[in-house]
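**Q** When we follow our numbering, the leftmost residue of the sequence shown carries the number 58, and every step to the right adds one. Beta carbons are placed, not taken as given, at the ideal position from N, Cα and C, and that holds for glycine.
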Amino acid sequence: MEEDNRFRAILRALARSAGKWRLFVGRDPEKLPRRSIVLLPVQPGVLFCGLAGILVIKGGGDAPGDDVLENLSRRFDAIRSRPLKRVLGGETPPDGYLHPEELAFFEKDVYSLKQNPRLQWMLGREGRMARLKTLCSGLSDFAEDEERLLEKKASAFPTHVMEKLTHALILLKDIAWALKEDVLANQEKISALAGNPDTLSQGAFEKYQRLNFTLNALDRLEVRGRDSCGVQAALHFSSPRELRGVIEKIKSSGLYDLFMRRCSPGDLMDRSIHVSPETLIFTYKTALITGDLGDNTRYLRKSIREDPIIHLVMEHAPDDSQMYLAHTRWASVGAINEANCHPVNNFISAGGSGEEWDFSPATKKFPFYGSGPWAINVVLNGDIDNYPSLKDSLESNGWRIDSRVSTDTKVIPLQIEKYLLEGHDLKEAFRRAVCDFEGSHAIAVESNLEPGRVFLALKGSGQTIYVGICERQYVFSSEVYGLVEETPDFIKMDGERQRIPGDERTRGQIFVLSNTSGGGLKGIEAMYYDGHPLRLGPEDVRHAEITTRDIDRGAHPHFLLKEIMDSPQSIRKTMRGKYRIEKDQGVVFNLDEAVFPSRVRDALVSGEIRHIYVVGQGTAAVAGAAVAEALSFYLKGTRISVQARKASDLSGFCLDDDMGGCLVIAITQSGTTTDTNRAVAMARERGAHLIAIVNRRQSDITTKVDGVFYTSDGRDIEMSVASTKAFYSQITAGYLLALFMARMLGTLSRERIAEELFKLEQAPKLMQKVIDAREAIRSSAWDLVRKKRYWAVVGSGANKTASDEIRIKLSELCYKTISSDIIEDKKHIDLSSEPLILVCAAGSPDIVLEDVAKDVAIFNAHASSVAVIADEGDRRFDRIAESVIHVPRSSFPLSVILNTLAGHIWGYYAACSLDAQAGAFKAFRSSLSGIMRSQEKKGLSLYESIEDRELRRCVDDFSALFNSWRRSGQLTSMNVDTASDITLLLKYAVGKLPIEDFWSEFGEPKVTASPLDRLDMTLGRAVDELSRPVDAIRHQAKTVTVGTSRRVEAPRGLIFDAIEDLSFTVENIPAKGGIALKRLQDAVLRINGYTLYAVQGLDEEGGPTERSTIRVIRKQGTAEGLRSRFDETGPLMGTKKTIVRTGDVYAGLGKSDRAPIVIVPLLNPLKTVEHLLLLHVEYDEAMDVERKKEILGEKFGDIKNLIDEYNVPWSDGYLRSLPVGLLLGEDVEVIKNMIFERMRNS
C-alpha cells in the first residue's frame, strides 16, 4: 500500500510538471530544446534499404522458336573459329577477333534466353540441361585459354588494338558467366523453390522463375541493409470463377482451413494471403537483426518451398498476369519486427464510442471503384519526414493503426486511401499522396484496384529507382545491380530535377507501369509530382556497364575484401601490353596515340610543357600525389615542375589564361567525378595538354582529354564505396607514364628504366604475400581499435601518400575523424589525446627508420597505442609498439603500394571489429524484444516483467559481456551518454535499482514508464553508433560522385523575390528568419509596397543600445504615400528594436494603423542587422484551417495548449474566423481571449 501511494505521488508530481515540457513525435532529440519529450525518437544513422519487383507484360514476347541451344552452339563455333592464335598469325585481323558480329548476337541471344522463362523451361526437357552444361564448360575453358595467351602476347599489339581485343574478351567472359550463373545455376534454384520440380508445368515454372529473380535481386540488394526483408507475389485471375476453381482445388487438397487462417484480414505478416474475387496475393517476411548476408532470403526461399498452397496456386494461376514486389530494410523508423517489414498494406482499425471493430477487406468502398476487398501494398526506401503529423491527422479521423506497426511506410497506403475516398482514381490518389510526403523517398505501390499496374515515385537525392526494359516484363530496382541479371537496358528515374527551376512542387517523378500496352516505353506513363507529363524517348534508355559477374562476392563476406583480394590481378591487367623488353632496344613502350598522342609527346620533348599537374579528388587525389612523386623522381634534371593538386584547387586557384605549357594528368575511377571533370574542361579551354587515367571506358572524361590510359581492363567494377584496387591500378598507370616520359626525355638510362619496370612487375607477387598474411593484420586491428577514441595515421617521405590514403579508408569504414601527419611532426601535435597511431614505416631508408623508432618510443611513452607497418625481418619496433605488421621488403615506388595495402586490410578488420560489437548489441536487443513480446502476451505488469527469470538470465548474460568491454575500455566508439545509460538501464531492467529512481533518473515518463522500453530504445542507439556496414557508407552510395556544383539554388516566392529585387541575397537573411519566411509567404496573397530602413549605432555584438538609430532610405508602392516618423533619423524603439535584438521576422498587424505587414531583418557581412525591410502585404484570409495551422507552426501548439489549460475542449474550428494577421502577430494570450469572446458571443 505504501508503495502504491509513493507511485501515485510520483505520478502527481509528474503531472504538475508536465506543462513545462514540450512533446514531439519522431524527432531527433539532438535537435530539440531542453525539456522536450520525444515519442519514437529518430536517431540519424545508417538508412539503407533496397526494393525490387517485376510486372509481367500480357502477351509479351514471341513464342519459342528453334532449339535455343542449337543457336548458341552455332554462335560459339563461329566465335572460336577466330581465336587470338589466328590474329597473332595474321590469318584474322584484330578487328575480326572472336567474330564480333557473332559475339554481339551471342550476347543478345543470351539476354533473350534470360528474359524468356518459356525458353528456360525448355532447357529442362529432352536432355538439354546436360548440353547446356557442356556448352558452359567449353565457353569458360576457351575464355581462360584466350586470356592466358593474351597475357603472354599483349606487348605484340598497339594499345588501341589491345583495347579492342580486351573488350571482346570481356564480352566473351560475360557471356560464359551469364550462361553458367544466370541461367544454369538459376535452374537449380527454381527447382528448389518449386518444392516438387518433377511435376512442374511450363506455366508454374515461369512464375517460379520470376519469383526466383526477385529473390536474387533481394540477395544483391541486402548489401544496402538486412535487418528484415519481404517478398510478395500477386497473381491476377481472368474472372472470379477462375479463382473459385483454384480455391476448390485447395479445399479438395485438405488445405482450406490453413488457407482461411492465412487469409484473416490484418497487417501483412509472414505467409499471409490476401484474397479478392480476382486476385491472390502471397506475402512472405522475416525480421532478424542478427545474421549474415543471405540469411533472410534463405529463410524466404525455405518458407516458399514448404508452402503447399502457393505451389498449388502457381500451377493453376494465369501465366501472364503476375506482379512481384520485394524489399530489404535497414530500419530507420519503427521497430524491427514482421509488422514493420515491407511490403506494408492499408489495413486499419476504426473505433468510436468506446468500441473497436475491424474494417475487413470487403468493406472498403471508394467512389471511383465501388465496394471491394481493396488492398494497397507499399515498399519504401528513405523516410517520410512528416510521418508523425500525417499519422496524427489520420488518427484524428478515427483511423487506428496497430501498435505493432510503427514504420513511417504505413502512412503511404493510408494517405493514398484518403484520396481514393475523395473520389480520385488510383493514379491521381497516388500522385496527391506522394506530394504530401516530406523527405527523400523511393516508393513502389501495387494494388488489386488496378492489378496490371505498378506505381513508382522518386523524390530527393538519397534514393534511386531503375526501371529495366525487357521483352516480357518490366523489372525495377533501387540499384542497377538489382536488375542486370534480367536486362542491361533501363531508365533511371530522376528525383532531383525540378520541371520549373525554383518551384519545389515540380520536383520528383512518377512512373506508372502497365502490363497491357505491349511493353517498352509504350507501357510507361511518366509525370512530375505536379502531374505534368514527362516524355520518355529512346535517348532515356541507358545500357548497364556491369553484369552479374561484376557484382558477385563469391565466398567473401564483403565486397571490400573481395576487391582487396583482386588487387594484384588489377595491377597485372594495368601493366599488360604496355611495354616489352628487347635485347637490342631495351625497353620498348607500347603507349600509342590513344594513350599519349604525338602532339603531347612533341610538346614534352620540345620543352613546350614546363608544368605538370596531377589532379584528382579523394582517393584519386592521393594516387595523384604518388604519381607526382614518381614524376619528380624520374624527371629529375629537367626544368619541368610537377605538382599534385586537388582538382578543385586546380580549377579554383591554379588556372592561367594560357596553359599551353601545362600537361594535366587527371586521375578518376569512374570518369564522372564532378570536380575533376570541371577542372579538365577549364584547363582544356585554356590550351592545356590533357591525359586521363580512368577505369571506365566511354565515361565522361574520355571525351574531354587528348589521351586515355585505362586501368586494369577498363571495367574493373568496385561495389564497395571504399575504393581500393582502383588506387593501386592508378598508381601503377602513373608510374608507367612517368617512366615513359623519362625514356622520351632521357632522364633515365634504358637499364635503369628496365630495373624500375622489373620492380613494378614484382608488385602483384609482393601484394599477394601481404594478403596471405591478413590473419596477422586482423589480430593487430581487432582489439586495438576498440580502445582508443582518437586515431591518426603517419608516414614520412613517399609513405606520407600511403598515410593519406589509409586515413581516407579508415575514415570511410570506421566513421572516425582521423589525422594524417608526417611521422616527425606527430610528437609536436596532439599526443595529449593519447591516440591510436598507425605508422607507415615499410620501405623507408635505415637512416630514417632509426628516427622513426625514436618517435614510436615517444608515442608509446605518451600512452598512445601504436601499430607499425614495417619491413620483413625488422625487429626494432617489437618492444615499443603494441603491434607490428610485417610486409615484404621493398623500396619506392612499391613501398607506397605495400604500406597502403596493409593499411587497407587493417582498416577492413577495424570496421569488422566495431561492427561485431554492434552485432552483439543487435542480438541482445532481438532477444530482449522476444521476451518483451512474450511478457506482453502474458499480460505481465511492469513489476512482474522485471521479476521474470528468463529476462534476468538474458540481461545478466549480456551485462557480463558489456561490463567486460566497458572495464577494458573497448567501447570508445560508443557515445559516453549511451554507455552510461545502458549501464544503468541493465540494472533497472532486472530490479537491481528501484524503479522509482528510474523515473527520476531519466525524467521522461511520457516517452516510456518502463526501463525495458527505454533499454530497447537505447540499444537501438548503441547499434547505430557501432554499426559499420563496410561496403556501404552513411553519407554516400557508389553512384554519388565526389564534389559539389559550387552553386546554391536561392529560395523563391513573393517575399524572397522582393528581397532579391532590392539587391539583397539569401545570405542577408538570418537563418531562422529564412525558415520563417518560407512558411509565412504562403500566407501572403500579394505585396503592395515596402519601406526599407537603415539601422545604425549598434554595439560591438550587433545589439541595440540607447544610441541606436533608424531612418527610412527607400519606399515603393503604397508606402510612398505614407508619412513615417523615421523619414528623418530617429531613435530605434518598439517592435523594430525588438526585431534587431532577436533577429526574428515579424508578421502581423501594425501597432498603430493595424495594417497587415511583414518586417524582415537584413544582415551585413559581419552578420549583424543593418537594414529592416517592412513589407505592406495582403494576407490570404480565404485559407482553410489546415493551412493556418501549418503557417502558425509551433505557435499553433502554444495556442491549443493554453486553451486546454482552461479545460475547454479544443477545436481547430476556433481558428476559422480569426484573421491571419491577428494569428501571426498577436500574443497567444490575446488570441485565447478572442477565442473565448467569440465562444461567449456564439
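(1) For the segment 741-808, list the alpha helix (DSSP H) runs that are entirely contained and at least 4 residues long, ordered along the chain.
(2) Using only the heavy atoms of the ligand ATP, determine whether one of them is closer than 8 Å to the beta carbon of residue 1152.
(3) Our contact map puts residue 933 next to residue 906 with C-beta atoms below 8 Å; I'd like the distance itself, whole angstroms only.
(4) Please report how far the alpha carbon of residue 456 lies from the alpha carbon of residue 491, in whole angstroms.
(5) With a cut-off of 8 Å on the beta carbons, I'd call residue 736 and residue 672 a contact; round off their distance for me.
(6) Kindly list the residues whose CB is nearer than 6 Å to the CB of residue 1257, restricted to its own chain and excluding five residues on each side of it in sequence; keep chain order.
(7) Measuring CA to CA, which of 964, 941, 928 is closest to residue 949?
(8) Within 10 Å of its beta-carbon, does residue 1297 have 16 or more other beta-carbons around it, so buried, or fewer, so exposed?
(9) For the alpha helix (DSSP H) holding residue 1213, just list the boundary residues, first then last.
(10) Give the range of the alpha helix (DSSP H) segment to which residue 861 is assigned.
(11) Out of curiosity, what's the CA-to-CA distance linking residue 595 and residue 527?
(12) Please classify residue 830: does DSSP put it in a helix, a strand, or coil?
(13) Just tell me which of 142, 154, 209 has its CA closest to the CA of residue 1308.
(14) Going straight from the alpha carbon of residue 275 to that of residue 1012, what length do you get?
(15) Taking the alpha carbon of residue 507 as the point to measure from, which residue in 536, 430, 273 has its own alpha carbon closest?
(16) Please report the straight-line C-alpha distance between residue 587 and residue 1135, rounded to a whole angstrom.
(17) Which same chain residues end up closer than 7 Å to residue 162 when comparing Cβ atoms and leaving out the 5 residues on each side of it in sequence?
(18) Measuring alpha carbon to alpha carbon, tell me which of 802, 758, 853, 636 ends up nearest residue 817.
(19) Should residue 1006 be labelled buried (16 or more other beta-carbon atoms within 10 Å of its own) or exposed?
(20) Note down, in chain order, each residue of its chain lying with its Cβ closer than 6 Å to the Cβ of residue 615, except the 5 sequence neighbours on either side.
(21) Which value, in whole angstroms, describes the spacing of the CA atoms of residue 1095 and residue 1284?
(22) Tell me, please, whether the segment 523-542 touches the segment 442-458 by the rule of three or more beta-carbon pairs shorter than 8 Å.
(23) Between the segment 792-800 and the segment 646-655, do three or more beta carbon pairs fall short of 8 Å?
(24) If you count every other CB in all the chains shown that lies within 10 Å of the CB of residue 1197, and 16 or more means buried, which is it?
(25) Identify which residue in 910, 850, 859 has its Cα closest to the Cα of residue 892.
(26) Can you list, in chain order, the residues of its chain whose CB lies under 7 Å from that of residue 1185, leaving out five sequence neighbours each side?
(27) Rounded to the nearest angstrom, what separates residue 656 and residue 763 at their Cα positions?
(28) Which two residues bound the contiguous beta strand (DSSP E) that contains residue 199?
(29) Taking a contact to mean a Cβ-Cβ separation below 9 Å, would you say residue 1073 touches residue 985 in this structure?
(30) Measure the C-alpha to C-alpha separation of residue 863 and residue 920 and round it to an integer number of angstroms.
(31) I think residue 107 touches residue 535, with their Cβ atoms under 8 Å apart; what is that distance to the nearest whole Å?
(32) For residue 590, which beta-bridge partners are listed by DSSP?
(33) Using the Cβ count rule (16 or more neighbours within 10 Å means buried), how would you classify residue 358?
(34) Going by the beta-carbon positions, is the gap between residue 756 and residue 786 smaller than 9 Å?
(35) Out of 947, 152, 582, 384, state which residue places its alpha-carbon closest to the alpha-carbon of residue 930.
**A** The structure says:
(1) Under the rule that a run must span 4 or more residues, the alpha helix (DSSP H) segments found entirely inside the segment 741-808 read 782-802.
(2) In the structure shown, the ligand ATP is absent, as is every other ligand, since no ligand is present at all.
(3) 7 Å
(4) Looking at the two C-alpha atoms, the distance is approximately 20 Å.
(5) 6 Å
(6) 1267
(7) Closest option to residue 949, Cα to Cα, is 928.
(8) exposed
(9) Element bounds for residue 1213: not the alpha helix (DSSP H) but the beta strand (DSSP E), 1213-1220.
(10) From DSSP, the alpha helix (DSSP H) with residue 861 extends over 856-871.
(11) 14 Å
(12) DSSP places residue 830 in coil when its eight states are reduced to three.
(13) Because residue 1308 is not part of the residues shown, which for the chain are 58 to 1299, the question remains open.
(14) Per the coordinates, the alpha-carbon of residue 275 lies some 34 Å from the alpha-carbon of residue 1012.
(15) 430
(16) Each residue's Cα considered, the two are about 19 Å apart.
(17) 132
(18) 636
(19) exposed
(20) 1087, 1088
(21) Interpretation of residue 1095 is limited by its pLDDT of 32, a score under 50 that renders its predicted location unreliable; no figure is taken from the coordinates.
(22) no
(23) Touching, yes.
(24) Classified as buried, residue 1197 has 16 or more neighbouring CB atoms from the shown chains inside 10 Å of its CB.
(25) 850
(26) Result list for residue 1185: 1168, in chain order.
(27) 9 Å
(28) Careful: residue 199 lies outside any beta strand (DSSP E), inside the alpha helix (DSSP H) at 185-210.
(29) yes
(30) 22 Å
(31) 5 Å
(32) Partner(s): 584.
(33) Burial is judged here by how many other beta carbons sit within 10 angstroms of a residue's own beta carbon; residue 358 has at least 16 and is buried.
(34) No, Cβ-Cβ distance for residue 756 and residue 786 is not below 9 Å.
(35) 947
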